[in-house]
Ligand SMILES: Nc1ncnc2c1ncn2[C@@H]1O[C@H](COP(=O)(O)OP(=O)(O)O)[C@@H](O)[C@H]1O
Ligand SMILES: [Mg+2]
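Numbering (the UniProt record's numbering), first residue to last: 1 to 272.
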């Protein structure tokens, strides 16, 4: 019998994933042979320097962008073989996404944006979902902003609306791209508690990109990308351990004048 993704406890998986943008001399290899499995119910942080491929990886894992090569699985489904419609339905029912740039609909109020996943699915929130939305709005401090449009909100408020929208349907799998990037430390801490609760209390799977070692320290597992490669995969770390690793990895990739180019993948691996 074939081993299914469910039996393996995997919420998402990419295998030999590559993504190139552009062509010829302008070609950028954003992802270069990445194998990652995101375990069901876990809170996984994804870290790495700017331009290392974090957003590209999240978009492809969520079925928002197509890979150049390799396989992409969401739960038990290999999504590269799906039609656009099948993929849209799977994503709408199962996946929440917090974009680095928020992607709110400018003509809708904050509440309209939060309810958008239900509108797109052609249904109203159930009583359970209305309770969840009220709780999210409350915890995210959005109660007095529900009837404002995005341009009337601060960056941090827009980010919190985007988080409420991603969690409103209680999706199995939530991708969040730098969800605390525009928040002060108090609302950032509340967002991290929300994401940690979503995984610990509700069994949702969370994959979060962050630059912040303090944010990543909330996760069960920390993945590091560099230059389109996965260079480390670590269990829960303290913020201090994460900072120390990042500093060491940066030092490894500083240009050297004296020797051969640093073998960043191998040396970062050795730091584990
Ligand atoms: N739409 C695009 N067209 C061309 N290059 C892109 C595009 N999106 C990302 N890139 C390039 O791919 C690489 C990885 O980008 P990205 O995934 O956004 O990195 P990160 O999120 O880690 O900062 C970068 O070199 C970036 O410039
Ligand atoms: Mg990014």
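Idealized CB from N, CA, C, for every residue including glycine. In this text, all values refer to a predicted model and were calculated from it rather than measured experimentally.
Q: Look up residue 230 in the DSSP assignment and say whether it is helix, strand or coil.
A: strand
Q.
Considering Cα atoms alone, identify which of 195, 202, 203, 201 is closest to residue 209.
A. 195
Q. From which residue to which residue does the alpha helix (DSSP H) around residue 178 run?
A. First-last for residue 178: undefined, no H or E at that position.
Q) To the nearest angstrom, how far is it from the Cα of residue 104 to the Cα of residue 168? A) 14 Å
Q: Give the straight-line distance between the Cα atoms of residue 162 and residue 154, rounded to the nearest whole angstrom.
A: 12 Å
Q. Is it true that the region 17 to 31 meets the region 47 to 57, where meeting means three or more beta-carbon pairs spaced less than 8 Å apart?
A. yes
Q: Excluding the 5 residues preceding and the 5 following residue 234 in the sequence, name in chain order all residues of the same chain whose CB lies nearer than 6 Å to its CB.
A: 222
(Q) When you compare the region 11 to 18 with the region 65 to 74, are there three or more beta-carbon pairs, one atom per stretch, that lie closer than 8 Å? (A) yes
Q. Which two residues bound the contiguous alpha helix (DSSP H) that contains residue 214?
A. 213 to 216
Q) Comparing the CB of residue 22 with every heavy atom of ligand 1, is any distance shorter than 7 Å? A) yes
Q) Helix, strand or coil for residue 30 per DSSP? A) strand
Q | Bounding residues of the beta strand (DSSP E) (the contiguous stretch that carries residue 40) | A | From DSSP, residue 40 is part of no beta strand (DSSP E); its letter is neither H nor E.
Q.
Less than 7 Å separating the Cβ of residue 32 from some heavy atom of ligand 2?
A. no
Q: Please find out if some non-hydrogen atom of ligand 2 comes closer than 7 Å to the beta-carbon of residue 119.
A: no
**Q.** Outcome for residue 84 when other beta-carbon atoms lying within 10 angstroms are tallied against a minimum of 16
**A.** exposed
Q: Using alpha carbons as the reference points, say which of 133, 183, 202, 179 lies closest to residue 99.
A: 179
Q.
Between 64, 199, 185, which has its C-alpha nearest residue 90's C-alpha?
A. 64
(Q) Can you list, in chain order, the residues of its chain with a C-beta nearer than 8 Å to that of residue 22? Leave out the 5 residues immediately preceding and following it. (A) 28
Q.
Along the chain, where does the beta strand (DSSP E) containing residue 188 start, and where does it finish?
A. Note, residue 188: premise wrong, no beta strand (DSSP E); alpha helix (DSSP H) at 185 to 200.
(Q) Give me the residue from 68, 96, 92, 87 with the minimum Cα distance to residue 206. (A) 96
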